[in-house]
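Asks: For the sequence shown, the residue numbers in my numbering are 22 to 353.
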Amino acid sequence: MKHSLNNPSGASAPLEPVSVRAAADILLQGGVAAFPTETVYGLGAIAHDEKAVMRVFAIKGRPPSHPVIVHLAQVEGLERFAAAVPDAAWRLARRFWPGPLTLVLRRRPDVSSVITGGQDTVALRIPRHPIARALIEACGEGLVGPSANRFGRVSPTTPHHVFHEFGTTVPVVDGGPCEVGIESTIIDLSGAQPRLLRPGLLDARDIEEVLGCELAASAAGAPRVPGSLPAHYAPRTPVRLYPAGLLAAEAQRRLTEGERVAVLATGRVRVPGGCASYRLPVEREGFARELYAALRQLDAAGCDVILAEMTPEDAEWSGIYDRLQRAASVAR
Ligand code: TXA
Ligand code: MG
22 MKHSLNNPSG
32 ASAPLEPVSV
42 RAAADILLQG
52 GVAAFPTETV
62 YGLGAIAHDE
72 KAVMRVFAIK
82 GRPPSHPVIV
92 HLAQVEGLER
102 FAAAVPDAAW
112 RLARRFWPGP
122 LTLVLRRRPD
132 VSSVITGGQD
142 TVALRIPRHP
152 IARALIEACG
162 EGLVGPSANR
172 FGRVSPTTPH
182 HVFHEFGTTV
192 PVVDGGPCEV
202 GIESTIIDLS
212 GAQPRLLRPG
222 LLDARDIEEV
232 LGCELAASAA
242 GAPRVPGSLP
252 AHYAPRTPVR
262 LYPAGLLAAE
272 AQRRLTEGER
282 VAVLATGRVR
292 VPGGCASYRL
302 PVEREGFARE
312 LYAALRQLDA
322 AGCDVILAEM
332 TPEDAEWSGI
342 YDRLQRAASV
352 AR
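1) I need the straight-line Cα distance from residue 85 to residue 142, nearest angstrom please.
2) Residue 56 bridges to which residues according to DSSP?
3) Using the rule of at least 16 other Cβ atoms within 10 Å of the residue's Cβ for burial, across every protein chain shown, is residue 160 buried or exposed?
4) At a cut-off of 7 Å, would you count residue 140 as near the ligand TXA, judging by its Cβ distance to the nearest heavy atom?
5) Here's the rule: buried if 16 or more other CB atoms are within 10 angstroms of the residue's CB, otherwise exposed. What is residue 234?
6) Taking 7 Å as the cut-off, is the C-beta of residue 176 nearer than that to any heavy atom in the ligand MG?
7) Does the distance between the C-beta of residue 312 and the nearest non-hydrogen atom of the ligand TXA fall short of 7 Å?
8) Is residue 239 near the ligand TXA - that is, is its Cβ less than 7 Å away from at least one heavy atom of it?
9) In three-state DSSP terms, what is residue 178?
10) In three-state DSSP terms, what is residue 185?
11) Spell out a yes or no on whether the stretch 83-99 and the stretch 209-219 are touching, meaning 3 or more CB-CB pairs, one atom from each, closer than 8 Å.
12) Using only the alpha-carbon positions, how far apart do residue 57 and residue 151 sit?
13) Once you ignore the five residues that flank residue 316 on each side, which residues in its own chain have a CB closer than 6 Å to its CB?
14) Jot down the residue ranges of each uninterrupted beta strand (DSSP E) in the stretch 86-151, minimum 3 residues, whole runs only, in chain order.
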């Protein structure tokens, strides 16, 4: 399948996706390739190939202190990276894997500190996307897979997004649009009490039910999660959040002042004429699935501001709420 899209340099080059086999060969030869997961696209390299992992950091422009997730195809792979797999990890694995959950466990001493950012823990995830699984199986190894975007930018949920980030430098396996649309939920099981490091689309109450205890909120400080930096997941255009009931009036006010306004909202909001806009589904799965594509599309519209509809703050929406807050919290 060929898609026509200009690459970031402006040169017109089509996206030419590679097959799973071709991507596996590239990875096994020490290269880097992007692959779809059910959450977002990942920038893959063989986890045991330190040089290849370092290339992933270089391509993303990610500081070396920020650890990456290792993606596995089978739970048996856990013990190749984790020093100890607590009972709670097996229980969560049985319930949520393969799926959009990442577990932080104490690492084995032989796991490269390039992966772990020098910490004594390692993040592990078994994705459920068939292409991700086929690629990991074809490599016979765990794959690191940070989101396939430049550091601090919106994660890609289509192969075109990856192409827009990196042009022809990074081969991409085309899995179409991602089903979940925001990054995995991260639970840290390396300490005395399970902690929620990054909310995702899984409901934290379901996780607590499996654990049989409450999740502690992420504490400031170690372990470091770049997703928890305020400037993460941000488009270039400033994003401002408004409740549905106030958004249309704010858009109108800004239009009157001569601003170019983009509106990111569900059908609850009546968008004034003269705004660029993207309509998001009202239910949370659809909202999450389209959110990053919508942010990218409106970012490209060349407006002064993106006015986005505030989502509920409750447990079901916490992952989406978190990403919107971060997109909006960049100081400009
Ligand atoms: O859904 C996802 O998790 C996607 C797909 C591609 O799997 N990947 C992803 O990777 O979001 P990345 O690198 O963009 O975000 C991984 C997060 C970062 O916030 C990182 O700090 C955290 O996982 N992380 C990785 N290793 C960790 C560790 N040992 N302790 C605490 N946090 C860790
Ligand atoms: Mg990321």
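Every residue, glycine too, gets a C-beta built ideally from N, C-alpha and C.
Replies: Checking against the coordinates, here is how it stands:
1) On the sequence shown, position 64 is the one that residue 85 refers to. On the sequence shown, position 121 is the one that residue 142 refers to. Roughly 15 Å between the two C-alpha positions.
2) Taking the sequence shown and counting its residues from 1, one reaches residue 56 at position 35. In the DSSP output, where bridge partners are listed per residue, residue 56 has 63.
3) Translated into the one-based positions of the sequence shown, residue 160 becomes position 139. Buried, by the Cβ-count rule.
4) Against the sequence shown, residue 140 aligns to sequence position 119. Residue 140: yes, Cβ under 7 Å from the ligand TXA.
5) In the sequence shown, the residue the question calls residue 234 occupies position 213. Looking at its Cβ environment, which holds fewer than 16 other Cβ atoms inside 10 Å, residue 234 is exposed.
6) For this step, residue 176 is matched to residue 155 along the sequence shown. Here the distance from the Cβ of residue 176 to the nearest heavy atom of the ligand MG is below 7 Å.
7) Position 291 of the sequence shown, counting from 1, holds the residue named residue 312. No, the ligand TXA has no heavy atom inside 7 Å of this Cβ.
8) For the purposes of this step, residue 239 is taken as the residue at position 218 of the sequence shown. Residue side-chain check: residue 239 keeps its Cβ at 7 Å or more from all non-hydrogen atoms of the ligand TXA.
9) Here residue 178 refers to the residue found at position 157 of the sequence shown. Reduced to three states, the DSSP call for residue 178 is coil.
10) Start at 1 with the first residue of the sequence shown, and residue 185 comes out as number 164. In this structure, residue 185 counts as helix in the three-state DSSP scheme.
11) Taking one beta carbon from each stretch, the stretch 83-99 and the stretch 209-219 have fewer than 3 pairs nearer than 8 Å; the two do not touch.
12) Position 36 of the sequence shown, counting from 1, holds the residue named residue 57. Position 130 of the sequence shown, counting from 1, holds the residue named residue 151. Going by the C-alpha atoms only, they are around 9 Å apart.
13) To locate residue 316, count along the sequence shown from 1; it is residue 295. Closer than 6 Å at Cβ, skipping near neighbours: 175, 256.
14) 90-92, 122-127, 142-146
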